[in-house]
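S.K.: Numbering (this note's numbering), first residue to last: 1 to 253. Each residue gets a CB set at the ideal place from its N, CA and C atoms; glycine is no exception. Please see the structure below; I have some questions.
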Ligand SMILES: C[S@@+](CC[C@H](N)C(=O)[O-])C[C@H]1O[C@@H](n2cnc3c(N)ncnc32)[C@H](O)[C@@H]1O
């Protein structure tokens with residue numbers, strides 16, 4: 001799992017090019033939940049800075065942390081002035097500074113579950129906000145989704161990341177909301193979805209898949225085969241469900 005968590009650096013440029021960014025509605029949602037001004041934020045697993053740029057554009061001084069040197073190098077190519085970058089994994093962040101907002105975009109599930117919330121609580125100022133976002137991208141057309149699944153099946157059964165705490169998909173509250181609800185440090189746990197449809201060429205969709213850890217972990221020859229087979233079943237342009245799943249919680253005073 002550690003190898004998989006640190007697999008992104010090999011594809012940093014493709015990651016920046018093909019992964020969709022985050023919509024401004026996400027910033028609006030977090031600010032509305034906060035209910036007051038947010039001046040400082042810590043980002044965990046910032047990658048190439050896609051969410052970093054959104055929050056920095058909101059006028060927040062962001063400390064963007066990321067363990068992978070290649071992702072960090074890509075992030076540093078296009079950063080606003082109010083962002084500080086730090087090369088560090090979540091587990092190694094010093095708990096001596098706290099922030100009004102701590103957030104993590106598509107990265108929290110890669111962090112060590114042991115002591116996660118105690119560590120997080122130390123980083124969020126009392127009354128401050130914790131936010132976690134996920135983007136489970138899927139082909140919007142169920143028939144096409146099934147065709148793509150069948151095309152990859154010989155090489156890859158599942159291409160998503162399983163729920164870190166095993167919460168069944170039909171439960172109203174999903175991870176990490178489930179863990180936040182049980183945590184002694186956080187309250188007012190909220191789960192929201194920002195609906196979003198994207199249209200892109202099948203080639204760009206494959207480019208996006210090439211940054212997904214399950215595919216990155218395949219042998220190169222197998223990966224080429226999988227992408228060739230998936231491409232064969234797709235029309236020239238595909239529509240994607242790229243909804244943003246959001247979890248919010250407030251640090252106890
Ligand atoms: C799917 S990428 C998300 C990047 C970026 N936040 C975004 O939304 O585009 C996951 C990121 O988590 C980072 N990561 C992996 N393990 C981590 C850890 N223990 N602490 C912090 N970040 C970690 C990876 O290096 C990678 O950049």
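Taking 8 angstroms as the cut-off, decide whether the C-beta atoms of residue 291 and residue 131 are in contact.
M.R.: Since the first residue shown for the chain is 1 and the last is 253, residue 291 is missing from the structure and cannot be characterised.
S.K.: Residue 136: beta carbon under 7 angstroms from a heavy atom of ligand 1?
M.R.: No, since every heavy atom of ligand 1 falls outside the 7 angstroms radius drawn around the Cβ of residue 136.
S.K.: Beta carbon of residue 250, beta carbon of residue 211: below 8 angstroms?
M.R.: In this structure, residue 211 does not lie closer than 8 angstroms to residue 250 by Cβ.
S.K.: Would the beta-carbon of residue 64 fall within 8 angstroms of that of residue 75?
M.R.: Going by C-beta atoms, residue 64 is nearer than 8 angstroms to residue 75.
S.K.: If I measure Cβ to Cβ from residue 206 and keep anything under 7 angstroms in the same chain, skipping five residues before and after, which residues do I get?
M.R.: Closer than 7 angstroms at the Cβ level, and outside the excluded window around residue 206, lie 227, 230, 231.
S.K.: Identify whether residue 75 lies in helix, strand or coil by the three-state DSSP scheme.
M.R.: Of the three classes helix, strand and coil, the one that applies to residue 75 here is helix, per DSSP.
S.K.: For the stretch 112-119 and the stretch 190-200, state whether three or more C-beta atom pairs, one from each stretch, are separated by less than 8 angstroms.
M.R.: The answer is no - the stretch 190-200 does not touch the stretch 112-119, with fewer than three Cβ pairs under 8 angstroms.
S.K.: Does the Cβ of residue 110 lie closer than 7 angstroms to at least one heavy atom of ligand 1?
M.R.: At least one heavy atom of ligand 1 is nearer than 7 angstroms to the Cβ of residue 110, so yes.
S.K.: Compare the C-alpha of residue 20 against each of 42, 36, 154, 53 and name the closest.
M.R.: Ranking 42, 36, 154, 53 by Cα distance to residue 20 puts 53 first.
S.K.: Please confirm whether residue 40 and residue 60 have their CB atoms less than 8 angstroms apart.
M.R.: Their beta carbons are under 8 angstroms apart, which means residue 40 touches residue 60 by this criterion.
S.K.: Can you tell me whether residue 45 sits near ligand 1, meaning its C-beta is under 7 angstroms from at least one heavy atom of the ligand?
M.R.: Yes - ligand 1 has a heavy atom lying nearer than 7 angstroms to the Cβ of residue 45.
S.K.: What is the rounded straight-line gap between the Cα of residue 15 and the Cα of residue 80?
M.R.: For residue 15 and residue 80, the distance between alpha carbons rounds to 19 angstroms.
S.K.: Do the CB positions of residue 136 and residue 245 come within less than 8 angstroms of each other?
M.R.: A contact, by the Cβ cut-off of 8 angstroms.
S.K.: In whole angstroms, what separates the C-alpha of residue 146 from that of residue 239?
M.R.: Near 14 angstroms, if we compare the C-alpha coordinates of residue 239 and residue 146.
S.K.: Looking at the structure shown, is residue 211 part of a helix, part of a strand, or coil, going by DSSP?
M.R.: If DSSP states are grouped into helix, strand and coil, residue 211 belongs with coil.
S.K.: Below 8 angstroms on the Cβ atoms is my contact criterion, and I expect residue 161 with residue 109 to pass it. Report the Cβ-Cβ distance as a whole number of Å.
M.R.: About 6 angstroms separates the two Cβ atoms, so the contact holds.
S.K.: Between the alpha carbons of residue 104 and residue 12, how many angstroms are there, rounded?
M.R.: Roughly 18 angstroms between the two C-alpha positions.
S.K.: Among 242, 24, 17, whose alpha-carbon lies nearest the alpha-carbon of residue 140?
M.R.: Among 242, 24, 17, the Cα nearest to that of residue 140 belongs to 242.
S.K.: Whole angstroms is fine: what's the gap from residue 222's alpha carbon to residue 155's?
M.R.: Spanning the two alpha carbons is a distance of roughly 7 angstroms.
S.K.: Once you ignore the five residues that flank residue 196 on each side, which residues in its own chain have a CB closer than 7 angstroms to its CB?
M.R.: Only 23, 242, 243, 244 meet the Cβ criterion.
S.K.: Less than 8 angstroms between C-beta atoms, sequence neighbours within five positions excluded: which residues of the same chain meet that for residue 99?
M.R.: So the list reads 40, 41, 42, 63, 123, 124, 125, 128, once near-sequence residues are dropped.
S.K.: Measure the C-alpha to C-alpha separation of residue 200 and residue 184 and round it to an integer number of angstroms.
M.R.: Residue 200 and residue 184: Cα-Cα distance of roughly 43 angstroms.
S.K.: By alpha-carbon positions, which one of 168, 45, 50, 28 ends up nearest to residue 17?
M.R.: Residue 17 has its Cα closest to that of 50, out of 168, 45, 50, 28.
S.K.: Less than 8 angstroms between the beta carbons of residue 235 and residue 214, yes or no?
M.R.: Not in contact: residue 235 and residue 214 (Cβ atoms no closer than 8 angstroms).
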